[in-house]
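Under our numbering, residue 106 is the last one in the sequence shown; the count climbs by one each step, no gaps. For every residue, glycine included, the Cβ atom is placed at its ideal position computed from N, Cα and C. Below is one structure; the comments refer to it alone.
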Amino acid sequence: MALAVTTPQRSPLLPEVPALAETLPEFKRPEATGGLLAPARTPRPILDQISQEVGRILALPDVTERLDAIGFVPAPSTPEEQDKIRRAQIETLSKLVIAAGLRSK
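Put into structure tokens, the structure is as follows:
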């Protein structure tokens, strides 16, 4: 059972499911992001190497061409930037859970 969708309006795929903005007008949709996660305590040189390689791969002409074709705009970042983004998402979604009165069973 779906509680809500996070899109600005109801999804045509789930028209009976409300958008969060309908029930929580103050809801600010979290930024859609993607990224790679590593286990806690992964050595910094490993994180830096992964970050550099992902940036290099995303800059390859055939990769950018394929991503452009699907409307995906990559925004490579550092491990610190990813951490900041994830923490902000957790804060936003935590407020949403509290505002909606959701509880685990």
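Taking Pro-77 as reference, the option from Leu-59, Ala-100, Val-64 and Leu-15 with the minimal CA-CA separation is Leu-59. DSSP places Val-64 within a helical segment (H, G or I) once states are collapsed to three. Here Gln-50 is exposed, its C-beta having fewer than 16 other C-beta atoms within 10 Å. Within the model, the alpha-carbon separation for Pro-80 versus Leu-48 is close to 7 Å. Closest in alpha carbon position to Ala-33, among Ile-91, Glu-17 and Ser-52, is Ile-91. Within the model, the alpha-carbon separation for Asp-84 versus Leu-14 is close to 32 Å. With a cut-off of 8 Å on Cβ pairs, the region 90 to 104 is in contact with the region 18 to 25, counting three or more such pairs. Here Val-6 is bridged, per DSSP, to Ala-20.
When secondary structure is reduced to three states using DSSP, Glu-27 falls in the coil class, being assigned neither helix nor strand.
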